[in-house]
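Residue numbers (this note's numbering), protein chains in the order written: chain A, 112 to 505; chain B, 82 to 582.
Note sheet for the following structure.
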């Protein structure tokens with residue numbers, strides 16, 4: 112062969128080989144179960160005696176997060192992974208795998224269709240955004256949440272605030288003047304978590320123009336700060352960093368909290384019903400405005416959406432085909448994790464004061480979550496279709 | 082502020098943290114070097130490790146990675162004519178012809194040097210602006226952001242010069258591809274044919290690789306030659322640095338432009354290199370050699386794309402609204418480090434913000450130094466005959482495309498977009514406008530919808546909207562006037578120019 116170029120053959124092959132190997136290795140790492148976790152698991156395993164008869168001994172457990180790396184659900188899963196590795200009997204290697212796309216539908220479908228459920232080595236960490244498509248009967252969704260078993264539930268709280276320059280500086284003024292104002296709210300799409308807030312504004316009798324098309328809470332909050340919107344809401348994890356400064360500056364005045372749903376009532380919120388917020392729940396502010404407690408189909412819808420969107424916002428699921436000892440031991444792992452003092456202190460800081468449900472508390476919670484009677488479902492969809500031009504999925 | 086800046090420097094210079102920074106830089110260089118992989122992949126690799134690190138070390142690791150992707154991604158753009166990441170496509174325009182002429186080392190030298198300068202100018206602007214940026218961003222409501230998107234779209238006229246009709250059609254085609262997926266204001270999917278892969282649209286990495294890389298590979302194999310037409314590499318890296326210093330004002334101009342475009346939330350981060358390229362071509366004396374290997378065509382986009390990273394951190398840190406996949410994941414990384422982005426970043430966590438500034442600056446210096454050392458060896462890639470090089474590259478690019486969402490649809494989309502790109506290249510249609518249309522379509526639609534819902538037609542009268550509108554008119558018609566004044570003699574040949582875009 113003619114050598115018309117000066118790059119030695121040996122080097123060339125070496126270089127390309129390295130390039131290729133590196134790219135393949137990066138891709139493997141990129142799928143999310145970072146290699147470092149394995150070593151940590153082994154090191155831990157040697158120190159404390161590992162139960163070799165445990166179901167998860169010498170196994171790899173993947174937590175499927177149906178969203179991008181870096182989002183709220185992903186951060187929570189990554190935060191828990193090392194604790195789970197330590198506390199699940201048998202100390203399996205725990206890795207987070209992000210399968211994002213289509214508001215969680217792609218991750219949900221892959222979990223449902225492409226995992227061997229009898230091996231119980233994949234769990235799904237869902238959040239309200241990936242659960243609501245099931246309620247709203249998204250045709251592309253292949254996962255049926257009724258086929259799953261819950262293992263762990265993480266709550267969040269919600270806060271609603273208005274611009275102080277509307278003259279409303281707190282719950283009392285809100286009760287008196289809210290119905291005389293023209294409100295502008297910003298949401299993503301009508302079938303997102305915002306649906307719940309649209310329902311709340313409607314029930315309170317607020318004259319409101321809901322502008323759809325914001326890319327998420329962040330951009331809506333900026334529009335609120337710009338004065339384009341005058342009423343807005345946020346979930347508890349972003350409140351300390353993003354909403355508290357606005358409250359301090361006198362731009363945002365909080366008026367009520369979503370509350371937390373139990374059986375048939377709305378309970379106080381672990382964060383926003385306490386100092387320094389001291390906010391009334393939606394039910395309380397409703398009663399103050401209308402003079403009677405909320406009731407009827409819209410109230411049932413409100414409670415059901417509170418359960419799905421806030422009180423049981425994030426759930427760790429196994430498929431019901433998983434062997435019973437897997438479910439049992441996984442639940443034991445979650446329970447031990449929440450009792451770990453190190454977890455408790457870090458969780459308070461990272462996730463806020465809202466409860467984490469484990470053990471016997473999980474089943475009633477997830478049953479309540481999935482208990483979406485046909486009439487409530489229809490009522491919510493009618494509400495969105497009639498008021499917000501939502502394309503009817505039925 | 083300066084005092085705390087100095088303290089933050091001492092924190093950043095802690096040997097252990099420098100080590101983390103170096104590790105981040107290493108990962109950043111690798112993902113930048115490999116065609117198609119970019120900052121998001123780097124973040125995905127590093128995120129599992131940051132939990133539990135002290136915030137400054139974690140920041141050094143993540144920022145070190147993000148800062149240098151656009152330094153190293155110059156390698157494939159210049160040497161192979163394929164984009165190293167979605168931010169370095171415009172470098173191909175003149176960097177690749179330079180490599181074909183045997184001037185690869187010179188192009189690389191200039192590119193690395195201005196990447197560093199751009200990165201440092203960006204970091205300095207971040208430092209200077211961090212206290213003032215909130216009102217700046219708050220001045221940009223949906224109407225202004227819509228006009229920014231239009232401003233970006235108007236650049237296609239400049240980029241498609243000589244093939245205006247084809248450029249407009251390519252833009253419209255890009256816009257249509259950009260609209261695939263979930264509509265931004267109703268929960269309804271468009272052009273998805275009930276195929277879940279299409280629900281989120283075609284990923285940008287797949288578009289960039291398909292449009293620019295695959296056609297180049299096909300033609301390279303068809304011609305059966307090495308990339309460099311000459312068998313000896315002339316030109317040295319030092320010549321490149323001298324070129325950069327000779328064009329110092331261009332470097333400053335495009336760095337500032339890059340930072341400014343990075344700051345605008347949600348618009349244009351991915352097309353900043355094209356905009357910088359267009360602006361460079363419009364504002365320099367004698368642009369007849371552009372597209373044929375003018376070193377200024379490398380200097381402009383390369384200064385801008387490193388500076389952009391610093392600009393993009395402004396909305397990310399101050400408002401928690403990320404402008405790109407990389408910054409979105411950085412936000413998540415910060416949460417894992419116990420830092421919540423938001424207004425508090427300036428008030429209570431200024432130390433963290435300043436650590437980010439220093440990490441950016443140091444990483445840019447480190448990354449450039451590493452690339453300089455490597456350049457001599459890597460430049461020889463352009464001497465390898467195509468039929469030996471292309472199979473390797475195809476494997477890497479297919480893997481990179483698959484990396485976008487890890488769905489088999491990525492590979493099909495890569496091939497389909499590649500076919501479209503190849504046909505466009507053959508018939509001399511410019512491809513950059515298609516990419517710009519694709520990137521800006523969702524923002525343009527979203528912000529137009531928001532502007533209309535919030536203000537009706539009143540938004541047209543906002544002062545900043547009018548200013549931006551006038552700027553658009555200048556860009557669209559200004560180039561016609563320029564061209565008429567300069568005479569027809571210098572007008573580049575149609576196929577010659579547009580074919581390479």
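Note that CB positions come from ideal geometry on N, CA and C, so glycine has one too.
Worksheet item: Out of curiosity, what's the CA-to-CA distance linking residue 148 of chain A and residue 170 of chain A?
Response: Residue mapping note: residue 148 of chain A aligns to position 37 of the first chain, counting from 1. Residue mapping note: residue 170 of chain A aligns to position 59 of the first chain, counting from 1. Bear in mind that the predicted position of residue 148 of chain A carries a pLDDT of just 41, short of 50, making it too unreliable to give a figure here.
Discussion item. Here's the rule: buried if 16 or more other CB atoms are within 10 angstroms of the residue's CB, otherwise exposed. What is residue 554 of chain B?
Written reply: As a first step, residue 554 of chain B is located in the second chain; it is residue number 473 there, counting from the start. Exposed is the call here.
Discussion item. Quick check: the Cα distance between residue 203 of chain B and residue 391 of chain A, rounded to an integer number of angstroms?
Written reply: By 1-based counting over the second chain, the position of residue 203 of chain B is 122. By 1-based counting over the first chain, the position of residue 391 of chain A is 280. Looking at the two C-alpha atoms, the distance is approximately 46 Å.
Worksheet item: Are the C-beta atoms of residue 295 of chain B and some chain A residue less than 9 Å apart?
Response: To locate residue 295 of chain B, count along the second chain from 1; it is residue 214. No, because no Cβ of chain A sits closer than 9 Å to the Cβ of residue 295 of chain B.
Worksheet item: DSSP three-state call for residue 463 of chain B: helix, strand or coil?
Response: Counted from its first residue, the second chain places residue 463 of chain B at position 382. Residue 463 of chain B: helix per DSSP, three-state reduction.
Item to complete: Measuring only between beta-carbons, confirm whether residue 357 of chain A sits less than 9 Å from chain B.
Response: In the first chain, residue 357 of chain A corresponds to position 246, counting from 1. Cβ-Cβ to chain B under 9 Å: yes for residue 357 of chain A.
Practice prompt. Kindly say whether residue 278 of chain B, judged by its beta-carbon, lies nearer than 9 Å to any beta-carbon of chain A.
Written response: Sequence index remark: in the second chain, residue 278 of chain B carries index 197 (1-based). Interface residue, yes.
Discussion item. Check whether the region 459-473 of chain A and the region 236-247 of chain A touch, using three or more Cβ-Cβ pairs below 8 Å as the test.
Written reply: no
Worksheet item: How many Å lie between residue 380 of chain B and residue 361 of chain B at the Cα?
Response: If you number the second chain from 1, residue 380 of chain B lands on position 299. If you number the second chain from 1, residue 361 of chain B lands on position 280. The straight-line gap from Cα to Cα measures roughly 9 Å.
Item to complete: Buried or exposed for residue 442 of chain A, please, with buried defined as at least 16 other CB atoms from any protein chain shown within 10 angstroms of its CB.
Response: To locate residue 442 of chain A, count along the first chain from 1; it is residue 331. When all chains shown are included, residue 442 of chain A counts as buried.
Worksheet item: Do you know offhand how far residue 140 of chain A's Cα is from residue 101 of chain B's?
Response: For the purposes of this step, residue 140 of chain A is taken as residue 29 along the first chain, with counting starting at 1. For the purposes of this step, residue 101 of chain B is taken as residue 20 along the second chain, with counting starting at 1. Annotation note: pLDDT 47 at residue 140 of chain A (below 50); position unreliable, coordinate value reported separately. For residue 140 of chain A and residue 101 of chain B, the distance between alpha carbons rounds to 18 Å.
Worksheet item: Can you find at least 3 beta carbon pairs, one from the region 127-138 of chain B and one from the region 467-481 of chain B, that sit closer than 8 Å?
Response: no
Worksheet item: According to a CB-to-CB cut-off of less than 8 Å, which residues of the region 251-274 of chain A neighbour chain B?
Response: 251
Worksheet item: Considering only residues of the same chain and omitting the five flanking positions on each side of residue 167 of chain B, which have a CB-CB separation below 7 Å?
Response: In the second chain, counting from the first residue as 1, residue 167 of chain B sits at position 86. Once the five neighbours on either side are set aside, the close Cβ partners of residue 167 of chain B are 119, 285, 286, 289 and 351.
Discussion item. Looking at the secondary structure, which residues open and close the alpha helix (DSSP H) in which residue 177 of chain A lies?
Written reply: Reading the first chain from its first residue, position 66 is the one you call residue 177 of chain A. Where residue 177 of chain A is concerned, there is no enclosing alpha helix (DSSP H), given that its DSSP letter is neither H nor E.
Worksheet entry | Chain-ordered chain A contacts of residue 223 of chain B [CB-CB under 8 Å] | Your numbering for residue 223 of chain B matches position 142 in the second chain. Within chain A, the residues near residue 223 of chain B are 334 and 339.
Worksheet entry | Pick from A/315, A/487 and A/371 that is closest to residue 291 of chain A, judged by C-alpha positions | Taking the first residue of the first chain as position 1, residue 291 of chain A is located at position 180. Closest by alpha carbon: A/315.
Fill in: Status (buried if at least 16 other CB within 10 Å, exposed otherwise) for residue 97 of chain B
In the second chain, the residue the question calls residue 97 of chain B occupies position 16. Residue 97 of chain B should be labelled exposed.
Discussion item. Whole angstroms are fine: how far does the CA of residue 211 of chain B sit from the CA of residue 35 of chain B?
Written reply: Given a span of 82 to 582 for chain B in the structure shown, any question on residue 35 of chain B remains unanswerable.
Worksheet item: Where does the unbroken beta strand (DSSP E) through residue 75 of chain B begin, and where does it stop?
Response: Chain B is shown from 82 up to 582; residue 75 of chain B falls before or after that span and cannot be answered.
Item to complete: Pick helix, strand or coil for residue 360 of chain A, following the three-state DSSP scheme.
Response: Within the first chain, the letter at position 249 stands for residue 360 of chain A. Residue state, collapsed to three classes: coil.
Discussion item. Counting only beta-carbon separations shorter than 9 Å, does residue 456 of chain A have a partner in chain B?
Written reply: Reading the first chain from its first residue, position 345 is the one you call residue 456 of chain A. No, residue 456 of chain A lies away from the interface with chain B (no Cβ there is under 9 Å from its Cβ).
Item to complete: Determine whether the Cβ of residue 343 of chain A lies closer than 9 Å to any Cβ atom of chain B.
Response: Start at 1 with the first residue of the first chain, and residue 343 of chain A comes out as number 232. Answer no: the Cβ-Cβ gap between residue 343 of chain A and chain B never drops below 9 Å.
Discussion item. For a test of the three-state rule: what should DSSP assign to residue 345 of chain A, helix, strand or coil?
Written reply: In the first chain, the residue the question calls residue 345 of chain A occupies position 234. Three-state result, residue 345 of chain A: strand.
Item to complete: Closer than 8 Å, Cβ to Cβ, to anything on chain A: give me those residues from the region 486-520 of chain B, in chain order.
Response: 486, 487 and 488
Worksheet entry | Own chain partners of residue 85 of chain B with C-beta closer than 8 Å, once the 5 adjacent residues on each side are dropped | Along the second chain, read from residue 1 onward, the residue named residue 85 of chain B stands at position 4. Cβ within range, chain order: 431, 432 and 435.
Worksheet item: residue 323 of chain A touches chain B at which residues, Cβ-Cβ below 7 Å?
Response: Residue 323 of chain A sits at position 212 when you count from the first residue of the first chain. Going along chain B in sequence order, the residues near residue 323 of chain A (Cβ under 7 Å) are 266 and 267.
Worksheet item: Just by C-beta distance, which residues in the region 203-228 of chain B are closer than 9 Å to chain A?
Response: 215, 218, 219, 220, 221, 222 and 223
Worksheet item: Which runs of the beta strand (DSSP E) spanning at least 3 residues fall entirely within the region 233-318 of chain A, listed in chain order?
Response: 233-237, 259-265, 269-274 and 293-298
Worksheet item: Based on the DSSP secondary-structure assignment, which residues constitute the bridge partners of residue 469 of chain B?
Response: Position 388 of the second chain, counting from 1, holds the residue named residue 469 of chain B. The partner list for residue 469 of chain B (beta bridge, DSSP) is empty, contrary to what the question assumes.
Worksheet item: List, in order along the chain, the chain A residues whose C-beta lies closer than 7 Å to that of residue 421 of chain B?
Response: Within the second chain, numbered from 1, the residue matching residue 421 of chain B stands at position 340. Within 7 Å Cβ-Cβ: 351 and 352.
Worksheet item: Under 9 Å, do residue 230 of chain A and residue 425 of chain A count as touching if we go by C-beta distance?
Response: One-based indexing of the first chain puts residue 230 of chain A at position 119. One-based indexing of the first chain puts residue 425 of chain A at position 314. For residue 230 of chain A and residue 425 of chain A, no; Cβs fall outside 9 Å.
Discussion item. Suppose the cutoff is 6 Å on Cβ atoms and the five residues either side in sequence are ignored; what does the same chain contact list for residue 72 of chain B look like?
Written reply: The question about residue 72 of chain B has no answer, for chain B in this structure spans 82 to 582.
Item to complete: Taking the CB atoms as reference points, tell me whether residue 430 of chain A and residue 302 of chain A lie closer together than 9 Å.
Response: Within the first chain, numbered from 1, the residue matching residue 430 of chain A stands at position 319. Within the first chain, numbered from 1, the residue matching residue 302 of chain A stands at position 191. For residue 430 of chain A and residue 302 of chain A, no; Cβs fall outside 9 Å.
Worksheet item: Per the contact definition of three or more C-beta pairs closer than 8 Å, is the region 136-147 of chain B in contact with the region 319-330 of chain B?
Response: no
Item to complete: Check whether the region 521-540 of chain B touches the region 312-330 of chain A, counting contact only when three or more Cβ pairs, one atom from each stretch, lie closer than 8 Å.
Response: yes
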